[in-house]
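Residue numbers (our numbering), protein chains in the order written: chain H, 2 to 137; chain S, 2 to 137. Glycine included, every Cβ here is placed at the ideal spot set by N, Cα and C. Bear in mind the structure is a predicted one, so any value in this text is a computation, not a measurement. Structure first, commentary second.
There are 2 protein chains.
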Amino acid sequence: MSLLERQVGYNLRRGYTRFAAHLREALAPVGLSQRTFSVLSVVVSNPGITQSDVARGLGIERSGTVVTVDELEAQGHIARTPVTGDRRAYALRATEQGRAKLDEALAAAAAHEDELLAALTPDERAMLLSVLRRIY
Amino acid sequence: MSLLERQVGYNLRRGYTRFAAHLREALAPVGLSQRTFSVLSVVVSNPGITQSDVARGLGIERSGTVVTVDELEAQGHIARTPVTGDRRAYALRATEQGRAKLDEALAAAAAHEDELLAALTPDERAMLLSVLRRIY
DNA sequence: TATTGTTATACTCTATAACTATA
DNA sequence: TATAGTTATAGAGTATAACAATA
């Protein structure tokens with residue numbers, strides 16, 4: 002094993018890069034990117050959530066969510082609605098079409114994960130998940 | 002656990018993003034980026050390796066290594082030398098300074114990993130490594 | 001024909017900084 | 001003062017495409 006291969010960070014990068022490319026292909030026919038997929042997922046699960054809270058939940062900057070929400074809105078998957086009591090904020094809600102699109106994306110993502118993680122036992126997969134979550 | 006949190010890919014992205022940012026800070030005082038660090042490491046461990054083989058080893062494109070090698074060469078850490086018998090290729094070799102710089106970087110990277118993985122047992126850490134390697 | 005190195009260009013995700021309008 | 005949203009810009013890593021020189 003080389004110097005790099007002994008490092009968790011290096012393997013994390015290789016694994017993530019592989020995953021990201023594969024997911025991109027899996028989501029392309031659905032018409033979503035990794036980013037729009039993440040945001041749509043959060044909005045569907047949290048109706049009325051604000052952009053700032055989406056950003057906090059995903060661990061990214063607000064400026065990034067704006068563009069992603071613009072994209073999802075243009076596609077008709079989510080809508081910005083006023084927040085009663087705070088005229089600065091927008092409440093994000095998925096449209097019926099957006100919810101259907103998410104189901105499509107979730108199916109594609111599940112197939113993609115099953116394919117990439119075929120070499121792992123269910124235990125290893127669960128362990129990978131729990132360990133990754135403790136890193137960030 | 003949300004829809005996204007159940008996905009390995011999502012956690013991989015969060016973990017990698019965190020790792021990358023932390024490593025960047027750790028390597029900044031050393032004067033290396035993730036990319037130059039990786040390439041320098043491969044060159045030190047494989048004296049005389051060509052750029053194409055570095056690219057293959059790291060799983061990136063040749064075009065990316067050119068720029069990285071340019072950078073390392075400008076810093077005086079590696080040198081391009083002719084390959085006897087193939088005038089297309091360059092043999093990459095680390096300078097004495099490059100080897101010292103790599104030692105510095107390895108120490109910084111090790112400290113960075115220990116810090117980020119403090120919550121994991123040695124077993125979990127080893128398991129994470131082996132599982133990630135089976136993904137790509 | 002295939003490969004090495006190279007250059008130019010672009011894409012994805014993310015971050016920083018500065019701004020407005022509200023609170 | 002602090003927060004929500006916005007815009008512009010930039011950075012890091014990667015990819016694609018085309019080319020000259022060489023194999």
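Have a look at the options and flag the residue whose alpha-carbon is nearest the alpha-carbon of residue i.
i, options, result
"H/A112", "H/E26, H/R15, H/D71, H/V45", "H/E26"
"S/K102", "S/A120, S/R89, S/L33, S/D54", "S/L33"
"H/R94", "H/S42, H/L133, H/V31, H/A22", "H/S42"
"H/T96", "H/T18, H/T82, H/L28", "H/T82"
"S/A22", "S/N12, S/Q35, S/L13", "S/Q35"
"H/F20", "H/A119, H/G49, H/R100", "H/A119"
"S/L133", "H/N47, H/A56, H/L121, H/V31", "H/L121"
"S/T69", "S/Y11, S/Y137, S/V44", "S/V44"
"H/I61", "H/S39, H/Y17, H/I136, H/A90", "H/S39"
"H/M2", "S/A106, S/R88, S/G58", "S/G58"
"H/I50", "H/Y11, H/A90, H/S64, H/D71", "H/A90"
Going along chain S in order, which residues have a C-beta closer than 9 Å to the C-beta of residue i?
i, result
"H/E114", "Q8, V9, G10"
"H/L41", "Under the 9 Å cutoff, chain S gives no residues; its nearest Cβ is about 10 Å from H/L41."
"H/G60", "R15, T18, R19"
"H/R89", "Neighbours of H/R89 on chain S: none; closest Cβ ~26 Å, over 9 Å."
Would residue i count as contacting chain H if we go by Cβ distances under 8 Å?
i, result
"S/R36", "no"
"S/G100", "According to the sequence as given, residue 100 of chain S is Arg; it is not Gly. Chain H contact via Cβ: absent."
"S/L93", "no"
"S/L118", "yes"
"S/L4", "yes"
"S/A110", "yes"
Using three-state DSSP, classify residue i as helix, strand or coil.
i, result
"H/P83", "strand"
"H/L118", "coil"
Which residues in chain H have a C-beta closer than 8 Å to the C-beta of residue i? List them in chain order.
i, result
"S/V132", "L121, E125, M128, L129"
"S/G49", "Chain H residues near S/G49: none, gap ~16 Å exceeds 8 Å."
"S/L141", "Not covered by the structure: residue 141 of chain S. The range shown for chain S is 2 to 137."
Return no unless some Cβ of chain S is closer than 8 Å to the Cβ of residue i.
i, result
"H/L24", "yes"
"H/S64", "no"
"H/R57", "no"
Using the beta-carbon of each residue, which ones in chain H are nearer than 7 Å to residue i?
i, result
"S/S53", "Here the premise fails: no neighbours, minimum Cβ distance about 17 Å."
"S/L33", "Under the 7 Å cutoff, chain H gives no residues; its nearest Cβ is about 13 Å from S/L33."
"S/I79", "By Cβ distance, chain H contributes nothing, its closest Cβ being about 15 Å from S/I79, past 7 Å."
Below 7 Å, is the gap between the Cβ of residue i and the nearest heavy atom of the ligand GDP?
i, result
"S/A56", "Absence of the ligand GDP is noted for the structure shown, with no ligands found whatsoever."
Name the chain H residues that come within less than 9 Å of residue i, Cβ to Cβ?
i, result
"S/L73", "What S/L73 touches in chain H: nothing, since even the nearest Cβ is about 15 Å away."
Quiz prompt | Secondary structure, alpha helix (DSSP H): runs of 4+ residues fully inside the segment 33-85 of chain H | solution = 35-46, 52-59, 63-75
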